[in-house]
Structure formats: structure tokens, C-alpha cells
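Read through the structure below, which is laid out as C-alpha cells, and then see the notes.
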Amino acid sequence: MSYVEVPGAKVPIRMWTDPASVEDVAMQQLRNVSTLPWIKGLAVMPDVHFGKGATVGSVIAMQGAVCPAAVGVDIGCGMSAVKTSLTANDLPGDLSRLRSKIEQAIPVGRGMHGDAVDPGRLHGFPTAGWDDFWGRFGGIAEAVKFRQERATKQMGTLGSGNHFIEFCLDETGSVWLMLHSGSRNIGKELADFHIGQAQKLPHNQGLIDRDLAVFVADTPQMAAYRNDLFWAQEYAKFNRAIMMGLFQDVVRKEFKKARVTFEPVISCHHNYVAEERYEGMDLLVTRKGAIRAGSGDYGIIPGSMGTGSYIVKGLGNEKSFNSASHGAGRRMSRNAAKKRFSTKDLEEQTQGVECRKDSGVVDEIPGAYKPIEQVIDQQRDLVEVVAKLKQVVCVKG
1 MSYVEVPGAK VPIRMWTDPA SVEDVAMQQL RNVSTLPWIK GLAVMPDVHF
51 GKGATVGSVI AMQGAVCPAA VGVDIGCGMS AVKTSLTAND LPGDLSRLRS
101 KIEQAIPVGR GMHGDAVDPG RLHGFPTAGW DDFWGRFGGI AEAVKFRQER
151 ATKQMGTLGS GNHFIEFCLD ETGSVWLMLH SGSRNIGKEL ADFHIGQAQK
201 LPHNQGLIDR DLAVFVADTP QMAAYRNDLF WAQEYAKFNR AIMMGLFQDV
251 VRKEFKKARV TFEPVISCHH NYVAEERYEG MDLLVTRKGA IRAGSGDYGI
301 IPGSMGTGSY IVKGLGNEKS FNSASHGAGR RMSRNAAKKR FSTKDLEEQT
351 QGVECRKDSG VVDEIPGAYK PIEQVIDQQR DLVEVVAKLK QVVCVKG
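If you're matching positions, the sequence shown starts at 1 in UniProt numbering and goes up one per residue.
Take a look at the structure:
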């Protein structure tokens, strides 16, 4: 489908989904965002759903302002995927050992490494910028500096919620490695700190929703947030790169005879801010639950822990600010999913996948998400599908 335009206060709301299918509270959030004085455009992805301040699945283009709650608390959260030389024929009948080895190599949930991972020991790790990145830690908000040791030990860890590590097959039988994570606790603490700072500023006192508080250009608060935001986005990128390196090491060891090789890694943020230019304006584009889909950009759009995921290539549609959805999107809250579904439902919906099937991940059941095929179909003018993947192993925190 192409987009549907819904009237907004200062800009129209361009929606790549049926507005009638969007819950009322999410529609209200979109209208609220459209009232912001600095807004120049608002695009809504097919995975849109209610979030904090701004919906998940929205692209907010502003001039001279950025809203930290619209970036989200997991700054830089995103996906990485890589195609391997393995095929379905190389896999053992029982994949539980592989899952166990992945969980041993990469801490999940609130776990962290006993010692910081040395990226120099990881095959093919992109070390450019690593020392400079950690050298800039001294310049981030004083309020979170006491977390440095934790931040170094959480680098290369998964977290919980909708984060995952998967071993997948595409439709030709090739094996892919895929993972989803962000800036861990340090990103959350930076986000919470700056959201609190923004809410105190005088220009935000009359806003329709205090969670839409912004920083404006040429102020010390904006400079401080941009510094910390871009640092946290880099943390998330390195976090995924280290996890992917650890994941590849596991696969090399488990499939020694196959002498596994890997294609270049595809990686994309889906909670972040970028400086981009549209219609002659320099804008700060916030993608909250959306990926960049500029012409030729590779991206990853995952489903849920029992459904398919897609590797896509952007078509460069400027009406969406060169964006596409970040996943299937939830169709019910975590609490609603826990009330509605049982572990038996989870077992049925993740049949054929080596994964957790206990009550701790019922809120991540496929039934809590929108159908990924429908979400992909609604954005055919934003991306083209390169590969469809189906997981056979899924690790969750």
C-alpha cells in the first residue's frame, strides 16, 4: 500500500497502515506529536503501537529540536544479521547444544561478562574507533559516570524483553545469524536522565504531554544530549558487533568440519536520531521503532520468536523520510499477553524452534505481535525483500 494521510495539527500524519487498525491511545499520541512547534513531518510505520510519549513505529522530523522520549530509553537499539556458508544440511537433528553454547558465550537478561570483552580477540571485529569511543566516556553526563565498570562488562550482552539471538534458515536453506539488542543499562540511564532534564525546561511547560519535552538547538542542554545520544548509539552498535563476533566464534567451533565463512554483516539502528536533509531543510529525524530505508540501504525487519524475519533493501521513499518498520509491532501489551496466553500456547506457537518455552517469555509469544507478512506487505513502496528467514534457534533473556 501507499500511505494514508490523516490531518494533524501542524503537519499531516502519513500512515503506512489503516488508521482504523491503530488503537485510540496511539492515534492520540500521533496527534500530540503533530502539535509540536518544531515539527516538519511525521511518518507512521505499519508496526505502529502505543509507546512512552511517542508511538513505537513513528518517524518524527523536527527542525532545531529533538525529543528524548521519542528516541526511547533503549538508545541505538537495532539489529544485526549475517549470511553464513552453512546450509540446513550441516545442522544436527538436536539444536539444544547449539543454543546452550550461545547462552554460555553471550550473557542474557541482566547478566554481564565477568571481565570486559577484548574485541581484539574477535575475528573480523571492526575495531576502528573503539579506543576513541571509550576515550569519550569522560564527556558523558556526570549522573551516569559511576556506571563505567558495568557498561564495560555489559558490552557484548543481550538484555531481555524483545531482544534475541537467532540461528535462521532462508528459503534456499542457507544459514543466517541474527540478533537484536541496544545500549543496555547505560543507554537507559542516559535516556532517563535527559528526559528528566528536558521536562524541567521552561519552553516545555505548556506541551500537551510532558513526555514530549524537547531540547532546542543552540542550548547547552541540547549540546549535552546530542553528545550522550550519539555516544549511546555507538555503544549499541559496538554491543551488537561484539555479540556477533562471539556468536560467530560459537558457530565456528560447533561446525569445525564445515570451515564456516561469513558474508559482510548487515546492521541497522531502529531507535535513534540522524541529521538528514529534506525539502531544503536540515532536520533531526527521530526513528522510534523504524529503520533507515534510503535507496539501497540494507535493513532487517524481524517478526517474533516463532515467525519469519526479513532482510530488506530500502527504496528511498522521501515521503517516509527514507524509513521503514523495525519489526512486526506488538498488537497487545505484555500484561495482556500474559493474561491471554499460557505456556502451552507458547509451545504450540514456537513449534520447531529450539527456544525457551517457560512462563518468563510468554509476553513474547508470536500471538502478541502483528502478522509480519502483513506488515511487510503494507510497505512495498518503502522496501524490497531480499531474503525471508525462519529461526530454528532463538535465545532470549
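All C-beta atoms in this analysis are idealised placements derived from N, C-alpha and C, irrespective of residue type, glycine included.
Counting C-beta atoms within 10 angstroms of its own C-beta, His-49 has 16 or more neighbours from the protein chains shown and is therefore classed as buried. Distances from the CA of Val-117 to each of Val-82, Gln-154, Ala-141 were compared; the closest alpha carbon is that of Gln-154. DSSP, reduced to helix, strand and coil, places Gly-139 within a helical segment of the structure shown. By the Cβ rule, the stretch 31-49 does not count as touching the stretch 350-364, because fewer than three pairs are nearer than 8 Å. Rounded to whole angstroms, the Cβ separation of Lys-396 and Cys-355 is 7 Å, and the two are in contact under 8 Å.
At least 8 Å separates the beta-carbon of Gly-327 from that of Val-383.
Distance between Asp-209 and Gly-129, taken at the CA atoms: about 38 Å. Under a 10 Å Cβ-count criterion, Asn-335 is classified as exposed, with fewer than 16 other Cβ atoms of the shown protein chains found around its own Cβ.
By alpha-carbon distance to Gly-41, the top candidate from Asp-47, Ala-65, Glu-23 is Ala-65.
DSSP places Phe-341 outside both helix and strand once states are collapsed to three, so it counts as coil. Asn-162 sits in coil when the DSSP states are folded into three classes, being neither helix nor strand. For Arg-226, no beta strand (DSSP E) run applies; the uninterrupted alpha helix (DSSP H) run containing it begins and ends at 220-254, by DSSP.
An exposed status is given to Gln-351, since fewer than 16 other beta-carbon atoms sit within 10 Å of its beta-carbon. Asn-89 counts as exposed, since fewer than 16 other C-beta atoms from the protein chains shown sit within 10 angstroms of its C-beta.
The C-beta separation of Ala-191 from Val-73 comes to about 4 Å, placing the pair in contact by the 8 Å criterion.
Of the residues His-269, Glu-318, Met-305, the one whose Cα lies closest to the Cα of Gly-280 is Glu-318. Ser-359 carries a helical assignment under DSSP once its states are collapsed to helix, strand and coil. Three or more pairs of CB atoms, one per stretch, sit closer than 8 Å, so the stretch 44-64 contacts the stretch 286-302. For the pair Val-353 and Thr-307, the Cα-to-Cα distance works out to about 10 Å. Ala-236 and Met-222 have their C-alpha atoms roughly 21 Å apart.
Shown here, Ser-2 sits in coil according to DSSP, grouped into three states, outside any helix or strand.
Contact between Val-214 and Asn-227 is absent: CB atoms are separated by about 16 Å, not below the 8 Å threshold. Bounds of the beta strand (DSSP E) holding Gln-391 are 383-396. Remark: fewer than three beta-carbon pairs, one from each stretch, lie closer than 8 Å, so the stretch 104-118 and the stretch 140-148 are not flagged as touching. Ser-174 and His-180 have their C-alpha atoms spaced approximately 20 Å apart. CA-CA distance, Val-265 to Glu-5, rounds to 36 Å.
Taking Thr-127 as the centre and dropping the five residues before and after it, the same chain places the C-beta of Pro-119 closer than 6 Å to its C-beta, in chain order. Secondary structure of Phe-167 (DSSP, three-state): strand. Taking 3 residues as the shortest admissible run, the stretch 52-139 contains the following complete beta strand (DSSP E) segments, listed from N- to C-terminal end: 56-62, 78-87. The residues Gly-173, Ser-174, Val-175, in chain order, have a CB closer than 7 Å to that of Thr-87 in the same chain once the five nearest residues on each side in sequence are set aside. Rounded to the nearest whole angstrom, the C-alpha separation of Gly-93 and Lys-83 is 21 Å. Scanning its chain for C-beta atoms nearer than 8 Å, with the 5 sequence neighbours on each side dropped, one finds around Ile-372 the residues Ile-301, Pro-302, Gly-303, Ser-304, Thr-307, Gly-308, Ser-309, Tyr-310, Gly-327, Ala-328, in chain order. Around the beta carbon of Ser-58, 16 or more other beta carbons lie within 10 angstroms, which makes this residue buried. Taking every protein chain shown into account, the CB of Ala-54 has 16 or more other CB atoms within 10 angstroms, so this residue is buried.
Look at Gly-303 here: in three-state DSSP terms it is coil, with no helix or strand label. Put simply, of Phe-167, Ala-224, Gly-78, Lys-338 the residue whose alpha carbon is nearest the alpha carbon of Ser-100 is Phe-167.
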